[in-house]
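Asker: In our numbering, the protein residues as written are 15 to 212.
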Ligand code: HEM
C-alpha cells in the first residue's frame with residue numbers, strides 16, 4: 015500500500031524488485047534535470063519517458079499518480095493568467111475550473127498548495143482519468159494526455175470504475191520505473207538499511 019508521509023492512501027500494491035545497488039550521493043540538481051516540466055507537451059512527454067526506457071502506456075498510467083498529493087500554484091499559474099503572454103488562459107483547461115483555481119491561486123501567488131484530485135487527494139483512486147477527460151487535469155502535461163491516440167484511449171478506458179485496469183497497470187509501470195538506470199557490477203552498493211549509506 016503506497017504511503018505519502020504518514021498516512022495510508024489505499025490503492026494498489028505491487029512486488030518491488032530487491033537487491034538494487036544504490037549510489038552514496040544525492041544531488042538535487044541531478045533530480046531536477048531528470049524531471050519533465052509541468053508545461054511539457056505530449057511529444058516532449060513521450061520522448062522523455064522513452065529516453066528512460068518507459069513506454070507511452072507507462073506515461074499515461076504513471077501520470078495517474080496525480081490522483082494523490084498537492085501542487086504549488088507556480089506549477090500551473092501560467093494556464094490561469096498568462097498562457098501565451100497576452101494575459102490569456104489555457105483553452106485546454108475547463109473555464110469553470112479556471113475560475114475556481116483563480117480563487118485558490120491569486121495572480122502572483124507561487125506558494126499555495128492545491129489538491130491535484132480535489133476532494134480525494136489523499137486517496138489513490140481512478141478519479142484522475144475522469145478529471146483529465148473533463149479538461150480538469152491541473153498541469154499541461156495532464157491535459158496533453160488527450161492529444162495522442164494511445165494516451166487518450168487509455169484515459170477513456172478508465173472512466174468506468176468497474177472496468178478500470180488502473181490499479182494493476184500502475185503496479186506494472188511502477189516496476190518498469192524502478193528499472194530506470196539500475197546500477198550493476200561494482201557501481202554503488204546494496205544498502206543494509208535502505209535509507210542509509212552503508
Ligand atoms: C509525466 C510527467 C510528470 C510531470 C510533468 C509531473 C509534474 C508534477 C508537478 C509539477 C507536481 C507539483 C509539484 C509541486 O508544486 O509541489 C507534481 C506532484 C506530484 N507528482 Fe508528478 N509529474 C509527472 C509524473 C509523475 C509520476 C510518474 C508520478 C508517480 C508515479 C508522479 C507523482 C506525483 C505526486 C504523488 C505528486 C504530489 C507530491 C506532493 O503532494 O507533495 N508524477 N508532479
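Just so it is clear, CB atoms sit at the ideal spot from N, CA and C, and this is done for glycine as well.
In whole angstroms, what is the alpha-carbon distance linking residue 44 and residue 165?
Answerer: C-alpha separation (whole angstroms): 28 angstroms.
Asker: Spatial neighbours of residue 76 within its chain, please: C-beta separation below 7 angstroms, excluding the five flanking residues on both sides.
Answerer: Cβ within range, chain order: 187 and 191.
Asker: Do residue 67 and residue 194 count as a contact pair if the criterion is CB distance below 8 angstroms?
Answerer: Yes, Cβ-Cβ distance for residue 194 and residue 67 is below 8 angstroms.
Asker: I think residue 26 touches residue 153, with their Cβ atoms under 8 angstroms apart; what is that distance to the nearest whole Å?
Answerer: Not quite, the Cβ-Cβ distance comes to about 23 angstroms (not below 8 angstroms), so this is no contact.
Asker: Is the region 48 to 57 touching the region 154 to 174, taking contact as three or more C-beta pairs under 8 angstroms?
Answerer: These segments touch.
Asker: Report the residue ranges of all alpha helix (DSSP H) runs contained in full by the region 105 to 139; include only those spanning at least 4 residues, in chain order.
Answerer: 109 to 118, all fully within the region 105 to 139.
Asker: Using the rule of at least 16 other Cβ atoms within 10 Å of the residue's Cβ for burial, across every protein chain shown, is residue 49 buried or exposed?
Answerer: Classification of residue 49: exposed, given that the 10 Å Cβ count is below 16.
Asker: Within 10 angstroms of the Cβ of residue 150, are there 16 or more other Cβ atoms? Answer buried if so, exposed if not.
Answerer: Label assigned to residue 150: buried.
Asker: Let me check you understand the geometry: is the CB of residue 84 closer than 7 angstroms to at least one non-hydrogen atom of the ligand HEM?
Answerer: It does: the Cβ of residue 84 is within 7 angstroms (strictly closer) of some heavy atom of the ligand HEM.
Asker: Could you check if residue 167 is buried or exposed, using at least 16 other CB atoms within 10 Å of its CB as the buried criterion?
Answerer: Exposed, because fewer than 16 other Cβ atoms sit within 10 Å of the Cβ of residue 167.
Asker: Roughly how many whole angstroms lie between the Cα atoms of residue 28 and residue 189?
Answerer: Whole-angstrom Cα-Cα distance: 8 angstroms.
Asker: Residue 91 lies in the beta strand (DSSP E); which residues open and close that run?
Answerer: Counting along the chain, residue 91 falls outside any beta strand (DSSP E), and DSSP gives it neither H nor E.
Asker: Run the CB neighbour count on residue 91, radius 10 Å, all protein chains shown included, and call it buried at 16 or more, exposed below.
Answerer: Flag for residue 91 reads buried.
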